[in-house]
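So the sequences go chain by chain: A and B.
Take 1 as the starting number for the first sequence in the working numbering and just add one per residue.
Take 1001 as the starting number for the second sequence in the working numbering and just add one per residue.
One structure is given below, encoded as structure tokens.
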Amino acid sequence: MNQEFAIQAKNISKTFHISEDSHNTVKHRLFNIFNPPRSKKVEALKMMNFEVKKGECIGLIGRNGSGKSTLTKILAGVYPTDTGHININGSTLLMNLGVGMSHELTARENVYVSASVLGLKIKEIDEIFDKIIEFAELKEFVDTKIKFYSSGMVARLGFSIAVNAGADIMFLDEIFAVGDMKFQEKAVKVFESSWIEGKTVILVSHSMDTIQKYCQRSAYMKHGKMEFFGETEKAVEMYLADNN
Amino acid sequence: MIIGIVKDWIKSSNKLERLWLLAKIEFKLRYYENKLGLLWALLKPIMDICIYYIAFKVIMKTDIPAFASFLFVGLILWNFFVESTGGTIQILNTKKYLYEYSNMNKIEIYISTLLANSIGFFFNLAMFLIFYNFIESDSIGFQSQNLWIIVLFINLFILSLGMSLILSNIYIIAKDITQIWAVFTSFLFFLSPIFYKLSTFKEALPSFDYGNPIAGIIINARRVMMQGLEPDFRLMIFDFGYAFFLLFLGFVFLNKLGSKAAEKL
């Protein structure tokens, strides 16, 4: 694949089959052999093509249920696509209120597991461990299981891991909604610093200010269809027009 | 040259480190969270041994020599199999946090969980060796044949991994595989020579030692650990055949069904 691109998506689409009565046991299936479950088709993503270059920051906007989160999940490799194919060049990280953390583990264990999943070696994690905890402001609770944390604390830890461990391609789903005002300021500062340099970022947000500030190009989605992909100004305009 | 390539791969990749890290955490979660701790890992087989010892030695007066050791070695292999198959049916659900946010390969989740079980197995194996060699009166002592247990364990590991892959991926579309497997496991338990004398077993169920993939492993484990014999190689080849076939099937299931785990569970 062309090394210049971080993501190449060709003819991808996704339909969810949501069955009304779920036949997900063997007994159910046997008793209802001649009575297949009625399923509703939800076209979450309609056929689309696009490319994202390495180092770009792309905004993803659209109203609730327009398919933004599904698209990020497909690009991050969490969901398989129904048609077409996606080329991903590098490690990916999907972040929406926490990066893959287990509530049964302590903050320390979660940091090691998450960072390791993101491709870091134990030695490298040792080096950034203190930084992660300090940034998340969780020094006194390092060895507490995160199920005892408040939701804000969990979100802060997730954000801190994502910031410090990072991945080549990051899908950030509404990350500025995390934490209190002080933490939000810190998060914004990170974004303004050199952190995102060299990284490919897909930013999902309902805050047009954020999108306009950081994204050169943006995609506007409506009813699972990518209506527009290009200049941020125009995408934002279309989104605002849709809201009125 | 091959060693060089492997070395480079280990240096540049964190996969092995990650497997070990996940295995350690899994092991810790299982044993150190409970009041009894690691003691439970040992207590479980000991209690099982007591039950079967009373039933078969005391009540039914079986004439198998060194019966406690005979049970011990059979049960630790069996428990590994049960923990690694029945215990992992819901693995894609409980370990969802590992693959829901990144493109981590799911097979690593399985291998690390089975590695955690392996730690428990080797702990029990060490206990068996101590028991057999220093406490058991009918012992024949340490033998070089004992080393074959490693090969047998690899066989068991592959078999369990294959079964675990199959079951947990079926779970995505059929939740009651849990109950079905529980019944099947107890069926298999009574059709394995865990507390029967081998000759009685073979007489009653001719060539079933070839039909049941776990039976051969237990038979061979006793040969190498307690009888000072080489493993029955024909049986061993059969059992490796089963294990690789099930592992292959498991990979097919993982590719077909596993990719939908994130949206279905």
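Note that the Cβ used here is the ideal one computed from N, Cα and C, for glycine as well.
- Within the region 136-157 of chain A, no residue places its CB atom closer than 7 Å to a CB of chain B.
- Cβ-Cβ distances below 7 Å link Cys215(A) to Cys57, Ile58, Gly59, Leu203, Thr232 in the same chain, with the five nearest sequence neighbours on each side left out; the list follows chain order.
- By the neighbour-count definition (other C-beta atoms within 10 Å, threshold 16), Gly179(A) is a buried residue.
- Taken in chain order, the complete alpha helix (DSSP H) segments of 4 residues or longer contained in the region 142-202 of chain A are 151-165, 181-192.
- Within chain B, no residue has its CB atom less than 7 Å from the CB of Ser193(A), the nearest being about 23 Å off.
- Neighbours of Met1163(B) across chain A, judged by C-beta separation under 9 Å, do not exist; the nearest C-beta is about 18 Å away.
- If one requires a minimum length of 4 residues, the alpha helix (DSSP H) runs lying completely within the region 1177-1254 of chain B are 1177-1190, 1198-1204, 1208-1211, 1213-1226, in chain order.
- Met1104(B) belongs to the set of residues whose beta carbon lies under 8 Å from a beta carbon in chain A.
- By the rule that beta-carbons nearer than 8 Å mark a contact, Arg1018(B) touches chain A.
- Less than 8 Å divides the Cβ of Ile88(A) from the Cβ of Ile7(A).
- Contact annotation: in the region 1239-1263 of chain B, residues whose CB is within less than 8 Å of a CB in chain A are Ser1259, Lys1260, Ala1262, Glu1263.
- For Phe1142(B), the secondary structure class from DSSP, reduced to helix, strand or coil, is coil.
- Distance from the Cα of Val163(A) is smallest, within the candidate group Ala76(A), Val142(A), Lys182(A), Met95(A), for Met95(A).
- Asn1014(B) is positioned such that its CB atom lies no closer than 8 Å to that of Ser91(A).
- The residue among Gly67(A), Thr210(A), Glu134(A), Lys10(A) with its C-alpha nearest the C-alpha of Ile175(A) is Thr210(A).
- In the structure shown, Lys121(A) adopts coil according to DSSP, grouped into three states.
- Around Leu1021(B), the beta-carbon contacts reaching into chain A at under 8 Å are Tyr112, Val113, Ser116, Ile122.
- For Gly230(A), the pairing in a beta bridge is given by DSSP as Ser218(A).
- Under the 8 Å criterion on CB atoms, Asn1117(B) is classed as non-interfacial with respect to chain A.
- Residue-level contact check: Thr92(A) touches chain B, since one or more beta carbons of chain B fall below 8 Å from its beta carbon.
- In this structure, the straight-line span from the alpha carbon of Glu137(A) to that of Ser1186(B) is close to 51 Å.
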